Every structure is written in C-alpha cells, then in structure tokens.
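K.L.:
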Amino acid sequence: MFSKGVIAYKVLKGVLQKRGVELRKIDEEELKEFAQEIGVPVEELRAFAKPLLQEILNEML
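Per this note's numbering: the sequence shown = residues 1398 to 1458.
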C-alpha cells in the first residue's frame, strides 16, 4: 500500500502533466505567499517542487 505522501506526489505529477506547467520565473514574494497559504516553509516547498518539475520536464523531452 502507498503512503499518503506517495499518492499525493503521483496525483500532483499527473495533474501537472495533463494540464501542463507554465514555465516562468516565479517571484520570490509569490513563492513565499503560496508557501504561507499551504503552511509549508519556503525552502521545503522549493526542495519539493524543483525535482518534481525537473522530472516532468525530463519526461517531456
């Protein structure tokens, strides 16, 4: 059985792959606001998002 974290990762990855990812530079303030909205420290959000987006990009190329 998968953990909730693994399931959430797979769901998020699937949604991003189907809907697409907007490639643009994210303003630091925008990132901070989003991190605060979801209750995650900015560095942890960045550490989670970078490899996920890189993985999606690698699969697209």
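In this text, a Cβ means the ideal position worked out from N, Cα and C, and glycines have one as well. Remember, it's a predicted structure, so these values are computed and weren't measured experimentally.
At a Cβ threshold of 8 Å, is Arg-1443 touching chain B?
P.N.:
No chain B appears in the structure shown, which is made up of a single protein chain.
K.L.:
Under the assumption that Leu-1454 contacts Leu-1442 (Cβ atoms under 8 Å), give the Cβ distance between them as a whole number of angstroms.
P.N.:
Their Cβ separation, rounded to whole angstroms, is 18 Å, which puts Leu-1454 and Leu-1442 out of contact at 8 Å.
K.L.:
I'd like the span of the alpha helix (DSSP H) that includes Val-1403, first residue to last.
P.N.:
First-last of the alpha helix (DSSP H) with Val-1403: 1401-1416.
K.L.:
Arg-1421 lies in the alpha helix (DSSP H); which residues open and close that run?
P.N.:
Counting along the chain, Arg-1421 falls outside any alpha helix (DSSP H), and DSSP gives it neither H nor E.
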